[in-house]
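Number 239 marks the last residue of the sequence shown (the numbering used here); no jumps. We put the beta carbon where it would ideally sit given N, CA and C, even for glycine. One structure is given here, and the rest of the page talks about it.
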Amino acid sequence: FTSCCPGWIKFCEHYFPELTDNLSSCKSPQQMFGALIKTYYAQKMGWKPEDIFFVSAIPCTAKKFEVGRPDQSAAGNGIPDVDIAITTRELGRMIEQAGIDFKNLEDEDFDNPFEIGSGAGAIFGATGGVMEAALRTAAEVVLGKPLEKLEFDDVRGTAGIKFAAYKLGDVNLKVAVASGTANAKKLLRDVKAGNVDVQFIEIMACPG
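Listed below in structure tokens is the structure:
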């Protein structure tokens, strides 16, 4: 199972604890970035991790819960990877309260400490995007060369549950994608009952 959606992780821990061993060990992008900032980037800049206050602005309210998980301290000594998470709605209200008029601000370049994002990173937030990004990487590793075609179209779209099968060299891979906890519960029950034969599953708590 993918592990980048904190809402799904909490759902799995609460309703399907017997499946947690099947979760990927990867953190969410938010927590990965926070860990990098508090370790690699802090060392690169000569800063102490405890002197960095990392704020994540995201649309997902579950990220607020994720920030407080006790195991999220790559720098050690109880220093959180991410200090606080605010929603984009909260950020918008703060901007409004501060009287900042975005339309009349001068354009400027964003800071770029880790180079630009990849195409796989750009599709990450959409349903099926994590699956497609993982399939791209898996295909290149299995085949030992860059792909001529990067699209895995069958995992895209707004359907609540999607299934797809791909042949990566000698590997036949069956995957499933579910968005929304109701669809996730249905898919997981089918998996546990043996009605679904897949090797990799992406689940996102939010529909779409």
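Less than 7 Å separating the beta-carbons of residue i and residue j?
i      : j      : result
Val86  : Ile40  : no
Arg187 : Gly159 : yes
Pro80  : Ile110 : yes
Ile192 : Ala209 : yes
Val229 : Asp221 : no
Cys57  : Val161 : no
Asp112 : Gly65  : yes
Below 6 Å, is the gap between the Cβ of residue i and the nearest heavy atom of the ligand MN?
i      : result
Lys176 : The model on display carries no ligand, and the ligand MN is accordingly not part of it.
Secondary structure at residue i, three-state DSSP: helix, strand or coil?
i      : result
Thr118 : strand
Leu204 : strand
Val229 : coil
Leu54  : coil
Leu67  : helix
Ile40  : helix
Ile126 : helix
Phe133 : helix
Ala106 : coil
Ala209 : strand
Out of curiosity, what's the CA-to-CA distance linking residue i and residue j?
i      : j      : result
Thr70  : Gly225 : 43 Å
Trp78  : Ala169 : 36 Å
Ala207 : Lys223 : 14 Å
Phe231 : Leu136 : 45 Å
Leu199 : Ala164 : 14 Å
Leu50  : Pro60  : 22 Å
Start and end of the alpha helix (DSSP H) containing residue i?
i      : result
Val173 : 160-174
Val222 : 212-223
Phe96  : 93-98
Lys75  : 73-76
Span of the beta strand (DSSP E) holding residue i?
i      : result
Lys198 : 192-199
Ala88  : 86-89
If I'm right that residue i touches residue j with Cβ under 8 Å, what's the distance once you round it to whole angstroms?
i      : j      : result
Lys205 : Ala215 : With a Cβ gap of about 18 Å, Lys205 and Ala215 do not count as contacting.
Ser270 : Phe84  : Because the chain in this structure spans residues 32 to 239, residue 270 falls outside the shown range and cannot be described.
Gly38  : Ala236 : 3 Å
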